[in-house]
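See structure below.
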Amino acid sequence: MQAFEYASPTTLKEALSLLGERWGEVDVLAGGTDLLSLMKDYVHTPKRVVNIKGIAELGGIRRTPAGLRIGATVTLDELLASPVVRTEYPSLWTAADGVRSPQIRNMGTVGGDLCQRPRCWYFRLGYGLLAQKDGTSLVVNGENKYHAIFGGGPAYFVSASSLGPALVALGAKVRLASASGARELSVEEFFVIPKSDAEREIALRPNEILTEILVPPATGVRNATYEVRHKEALDWPLATASVTLRMKGATVESARVVMGHVAPIPWVAREAERLLAGKTITEEVAEQAGKAAVAGARPLSQNGYKVRLAQVAVKRALLAAARGKA
Amino acid sequence: MSEPNYRWPARDKRRVMGTRVNRIDGPAKVSGRGKYGSDINQPGMLFAALLTCPHAHARVRSVDIKEAQALKGVTAVEVMSGPGTVIQWAGTEVAAVAALTEEIARDAVRRIKVDYEVLSHAVKEEDLKAAGGRSKPAGEVLVGDPDDAFKKADVISEGEYGIPVLQHCCLEPHGQVVMWKGDTIEYWPSTQNVSGIGGDLAQSLSIPAANVHVRQDHVGGGFGSKFSADRWGVVAAKLSKASGGRPVKLFLDRRTELEIAGSRPSGFARIRLGARKDGTIIAWESQSWGTSGPGGGGVAATQLPYVFVNIPNKRVNHTGVITHTGPARAWRAPNHPQASFLTCCAIEDLAAKLNLDPLEVFDRNFQYTARPEVYRAQLRKAAELSEWEKLWHPRGQAGPGPVKRGLGIGVATWGGLGHASDCRTTIHPDGSVEVELGSQDLGTGTRTVIAMVAAETLGLSVGQIQVKIGDNRYPPSGGSGGSTTVGGVAVSTRKSTMNALQKLLEAVAPALGVSADQLEAVDGRIQVRGNPAKSLTWKAACQKLGVKPIVEMGRNDPKNPMGMISQGVGGIQIADVSVDVETGVVKLNRLVAVQDCGLIINPKTAESQVYGACIMSICGALFEERIMCQQTGRFLNADMEFYKLAGIDDIGEIIVHLDITPEHDARGVIGLGEPPVVPGIAAIANAVANAIGVRVPRVPLTPDRVLAALEGRRA
Amino acid sequence: MKRSKDPESQAQPKGLSRRGFIRGVGLSGGAVGLLHPEGEAAPAPAVLGPGPVPITLLVNGKPHKLEVEPRVTLLDALRDRLDLTGAKRVCDRGTCGACTVILGGKAVYACSVLAIDAQGKPIQTVEGINAGGRLHPVASAFVNQDALQCGFCTPGFVMAAKAFLDRNPNPTLEQVRKGLGGNLCRCGTYVGIRQAVLEAAKQMRGGARNV
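Pasting the structure below:
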């Protein structure tokens, strides 16, 4: 780890005043489960670290007329302990529960989950976000069994966010604050596919802090997440799917189907969403939706299996959502 | 006085041996009090860090350490791979820095400038055809007339199987604290070779072995990788000397640990079996290959077929493949798990081809093993414990639904005996007893076993024995490898304590009015044989020594085990798995291990050894693999996130059956470090084939490979 | 690219704000003043380091004052500065759990917490729960069930198990299997650990009734 200066402000205003104008200058510390590793590997070498855990206004889960407001520094453990999340947002709950380390759930925050960096081994070894050497992708010609099957490059890492797909499927928004004000983005817009190593995989700017997540009310919707896991203990899922179904009786009025760990961003399966509208979820419909979800997949040399896994994840998430209550 | 009749007490006479004793170093370990090498903090201690090479193959042109030396807080910098050095694997140590803090040492490492001439590298060996000039054929082993036998065979079964390079991944990384002051060295390594490692370090530093004092209370895993002082031990000593003799702590970080401090060779093979309709194998042909890094290596031609060594007609070829990867080190039962996997997969594929129950095919072919009846009995037991009759089905007939269950078999053998070991027993006039050996406890329960043997001999309780190991000033004991430790230390301890007791009995005899040979040590007393009424308490007996303690030695001579220890055990494991054929995810339901192991001193720690070995097999069968990148030459998953190990919820249920019988007991003590770690991967791979109806040719049985096999393509 | 308008920022490492700069000066000028408001402006956040900073860690009920750079992890502070070596450094990347300690009542990976950030909350280490030569029921159950071999993962597992039982005093085997997913063992001691946690739960419930 490179030496850095450290601040632990108690107000958002103070925290914002300490941020940099460019990536790489200042890192925001919340749970630390990713940042410390990035710094130890010299992937991040900030000159300053701003700890935001002491800022009271960034914590807490609160029901508001606009939905559920989740503070950025709410830990995964706190999220899992929320009865509202458990009963009304099972897709979010299941996604958080997929982080199978109590220690990470105790430390890791909701904001940190969205802002964590990709786990791509080339990126972590210092080959940059796009993992290129002499202008060509190391991923395409290399070891890519855990890499993206959607997105078409030049980025091939997969978004590491556990909660992202569920939040996108639920239509959640994030609030991003800077010294000059705050803006809101849908979680879907928050995740972006970078085109160069200098860009980031999220729309956050270096002078901004993600302050809260707003999840719309779950009235009239069913939602679920399914993860294909290699290990039961702490491990990154191989592919996941989160679905939100707006129901009219037994019929799907509209659907959101979002896959995780298959693209540099949570990947919205629009074909599957279209297919589901107006249908009743049956084994066959779920199967068809799974197929539709992966129809556009472009796997690499070693990750063709993930197409199948994503397909199964979509099917199983839909069936789980259909079993759940609206 | 004649030499005592060294042997184990009769089974029905043992009071301590054979009972379930909690490991005596348990409290120190569970409370965090126990100190491992990496826990040693010495006054004035410096921290060292390594600069390692990011290239798999490169020539060092220059190393500039000036900026590192100039950094405040740096006390010494040593170049380990100077100009001209050709680096053969990524992670090779190039330079080392000692500094006041670890943070400064790491900062300094980043200031070292190395200019490399990057050379072409090859880090893959899965495809033998692609190996070209890197192949090192080991020569053919030919027995009988395989060509003729294949012609006569009713059926020929062919298959290709593979198991990748695995890593030791000791939780305590390799390293040491070392202090080179004046002409002596104080050395706290993490080692499985307390008595030998000091000499190794001394030789590298050209100083007398007598000047190196080794101490180690506990070691955080070795598995075969921690015998020598290694380059990091040598450089740490040099850094200490260059820093005025201040102690230096240098332990590898996790990436370096995985890259350079231990791996086990891969094993791939194409195997052809010729057999009669009843499953009797009459011909074997194999071409195997693998890598152990720059040396080629892998499963030796003499190791295939495994266990079924007496198949009458064989043609066996092995090719080592040279790669620019971290070199292999001994890994629990070197090459046996690979050989077991290759052989047992081929046999179950033959059974499937003949539509026979593998139980029957294994049974029929046990005639080719060294101990047919032992294996037959073990297979029956394993089948019973795994509910084979109820759960087994012909390959691929697992019934409807996406989750398919299956069972599979793996077979093992291993040697044993005991390494050279000397033990010194001291009985003090106050009754306290010290037993000293320059041995080590890798977590196998060695300390406890020593205490139990001593307690048994002296008629005392385990708590009355002070076991002192982990110091090379104690009488020398071998390094812990090859399951030879328990044999070695049990015999030397038994002899040493018997010798000491003999002296005590002689000293006490006059007081009890009988000759020494009429006395015995039982239940904390020295008594006239069979007559507790004529006795002295242990303490009173020891007081007869006056002021002079008894000090007696005992030795295990590997060439003359005197019937107290033995070698050659068998083991069978049966795995029960469920495979989700939609996702390719394999879950272990149950792993049954039946193991013979001679005389068991502590069933509790013996069982733990087997449980642990089973879990290691589960890791190897389902999760572990070193992933090398040919473009970068790097070991991509040299971490604990993608170098996957099973967690507590990934192992299903494990059933251990130690084959404790009077016949096995009579063979004496046999080590358990290696045998149970051998057959599990084979059993799990066979269970998956049984479940899904097709062979997944390569482990680990990850979803990509399972799905590829189901879809009839290569992963 | 937008740059800070403050001319003083030119004299600094790129992009650091003025307040950070002032803080930096403050530190070199005497450190303690950092915590006080500067000038007329609203209370400015203190920026500490990058050099050694005095911190206080409340470990096993006792405050420990030490000086560490902000980059020093809690794990390294415990092991290297306080000689509390029960928590082990294994992966050092928040994966294996060997460094588990209980911070503010919750199990955390000490390798992934900055020491400076661990101030103000009680820190419990394996040494603390086994103080005075008396084994905590969890630790004692690990011994009874032989839930250890080399023992290097064991203190982390003991702490994870304690934290788990503090929240789940009456767990099923299934819950134990799921509740300890953040720790890894290489020797393969999981069978014993499962039994040990169940045994400890029983012991601790019994103990509670006796009190």
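As you go down the protein sequences, you meet chains R, C and B in turn.
The opening residue of the first sequence carries number 19 in this note's numbering; numbering runs sequentially from there.
The opening residue of the second sequence carries number -2 in this note's numbering; numbering runs sequentially from there.
The opening residue of the third sequence carries number 116 in this note's numbering; numbering runs sequentially from there.
Glycine residues also receive a C-beta, built at the ideal position from the N, C-alpha and C atoms.
Being a predicted model, the structure only gives us computed values, none of them experimental.
Subject >> Cβ pair count under 8 Å reaching 3, the segment 587 to 597 of chain C against the segment 656 to 672 of chain C >> reply: yes
**OP:** Check S222 of chain C in the structure and name its three-state DSSP category.
**Re:** Here S222 of chain C sits in coil by DSSP.
Subject >> Rounded separation between F209 of chain R and V253 of chain B - CA only >> reply: The alpha-carbon atoms of F209 of chain R and V253 of chain B are separated by roughly 44 Å.
Original post:
What first and last residue would you give for the alpha helix (DSSP H) that runs through S605 of chain C?
Top reply: P600 to L619
**OP:** Please confirm if E579 of chain C has its CB atom under 8 Å from at least one CB of chain R.
**Re:** yes
**OP:** Using three-state DSSP, classify I652 of chain C as helix, strand or coil.
**Re:** strand
**OP:** Out of C:V548, C:R526, C:E381 and C:V209, state which residue places its alpha-carbon closest to the alpha-carbon of W177 of chain C.
**Re:** C:V209
**OP:** Flag this pair as touching only if the segment 294 to 309 of chain B and the segment 603 to 613 of chain C have three or more C-beta atom pairs under 8 Å; answer yes or no.
**Re:** Yes: the two stretches touch, three or more of their Cβ pairs being nearer than 8 Å.
Original post:
Applying the criterion that 16 or more other CB atoms from any shown protein chain within 10 Å of the CB defines a buried residue, is R526 of chain C buried or exposed?
Top reply: With fewer than 16 other Cβ atoms within 10 Å, it is exposed.
Subject >> Cβ-based neighbour list, R196 of chain B, same chain, cut-off 6 Å, excluding 5 preceding and 5 following >> reply: Here the set comprises L181.
Subject >> Exposure label - D180 of chain C; buried when at least 16 CB within 10 Å >> reply: exposed
Subject >> Beta-carbon proximity list for Q318 of chain B, same chain, < 8 Å, skipping 5 on both sides >> reply: P252, S255 and A256
**OP:** Check whether the segment 133 to 145 of chain R touches the segment 287 to 299 of chain R, counting contact only when three or more Cβ pairs, one atom from each stretch, lie closer than 8 Å.
**Re:** no
Subject >> Partner residues on chain B for A610 of chain C, Cβ-Cβ distance less than 8 Å >> reply: Simply G303.
**OP:** With DSSP collapsed to three states, give me the class of Q524 of chain C.
**Re:** strand
Original post:
Helix, strand or coil: how does DSSP classify H416 of chain C here?
Top reply: coil
Original post:
Along the chain, where does the alpha helix (DSSP H) that runs through K536 of chain C open and close?
Top reply: That run of the alpha helix (DSSP H) goes W535 to Q540.
**OP:** Examine chain C for any beta-carbon lying closer than 8 Å to the beta-carbon of R316 of chain R, and answer yes or no.
**Re:** no
**OP:** Below 8 Å between beta carbons is the criterion; list the residues of the segment 689 to 710 of chain C that meet it against any residue of chain R, in chain order.
**Re:** T699, P700, D701, L704 and A705
Original post:
Hey, does I462 of chain C have any beta-carbon neighbour from chain B nearer than 8 Å?
Top reply: With respect to chain B, the C-beta atom of I462 of chain C has no partner C-beta closer than 8 Å.
Original post:
Grouping DSSP H, G and I as helix and E and B as strand, with all else coil, what is A178 of chain R?
Top reply: coil
**OP:** Just tell me which of C:E671, C:G484 and C:V450 has its CA closest to the CA of V432 of chain C.
**Re:** C:V450
Original post:
Along the chain, which unbroken stretches of the beta strand (DSSP E) at least 3 residues long are found entirely within the segment 420 to 445 of chain C?
Top reply: 430 to 433
Subject >> Contacts around G144 of chain B, its chain only, beta-carbon distance under 6 Å, and the 5 residues preceding and following it disregarded >> reply: Interpretation of G144 of chain B is limited by its pLDDT of 33, a score under 50 that renders its predicted location unreliable; no figure is taken from the coordinates.
Original post:
Comparing alpha-carbon positions, which option in B:K203, B:Q234 and B:D207 lies nearest L218 of chain B?
Top reply: B:Q234
Original post:
Is the beta carbon of G581 of chain C sitting closer than 8 Å to the one on P697 of chain C?
Top reply: no
Subject >> Range covered by the alpha helix (DSSP H) that runs through F359 of chain C >> reply: P355 to N362
Original post:
Is A506 of chain C closer than 8 Å to L455 of chain C when the C-beta atoms are compared?
Top reply: No, Cβ-Cβ distance for L455 of chain C and A506 of chain C is not below 8 Å.
Subject >> Within 8 Å, strictly: CB atoms of N124 of chain R and T93 of chain R >> reply: yes
Subject >> Alpha carbon of V288 of chain B to alpha carbon of E106 of chain R, nearest angstrom >> reply: Strictly speaking, residue 288 of chain B in this sequence is Leu, with Val absent from that position. Going from the Cα of L288 of chain B to the Cα of E106 of chain R covers about 28 Å.
**OP:** Within its chain, find whatever has a CB closer than 6 Å to the CB of M116 of chain B; leave out the 5 residues flanking it on each side and keep chain order.
**Re:** In this prediction, M116 of chain B has a pLDDT of 37, which is less than 50 and means its spatial position is unreliable; nothing more can be read from the coordinates.
Subject >> Euclidean distance between Cα positions of F220 of chain C and C167 of chain C >> reply: Roughly 7 Å separates the two Cα atoms.
Original post:
Apart from the five residues just before and just after L704 of chain C, which ones in its own chain have a Cβ nearer than 6 Å to its Cβ?
Top reply: G581
**OP:** Measure the Cβ-Cβ separation of M277 of chain R and A311 of chain R and say whether it is below 8 Å.
**Re:** Note that the C-beta distance between M277 of chain R and A311 of chain R is below 8 Å.
Original post:
Taking the continuous beta strand (DSSP E) assigned at S283 of chain C, which residues delimit it?
Top reply: Per DSSP, the continuous beta strand (DSSP E) segment holding S283 of chain C begins and ends at I278 to G287.
Original post:
What does F257 of chain B touch in chain C if you count any residue whose Cβ is under 9 Å from its own?
Top reply: G23, K26 and V27
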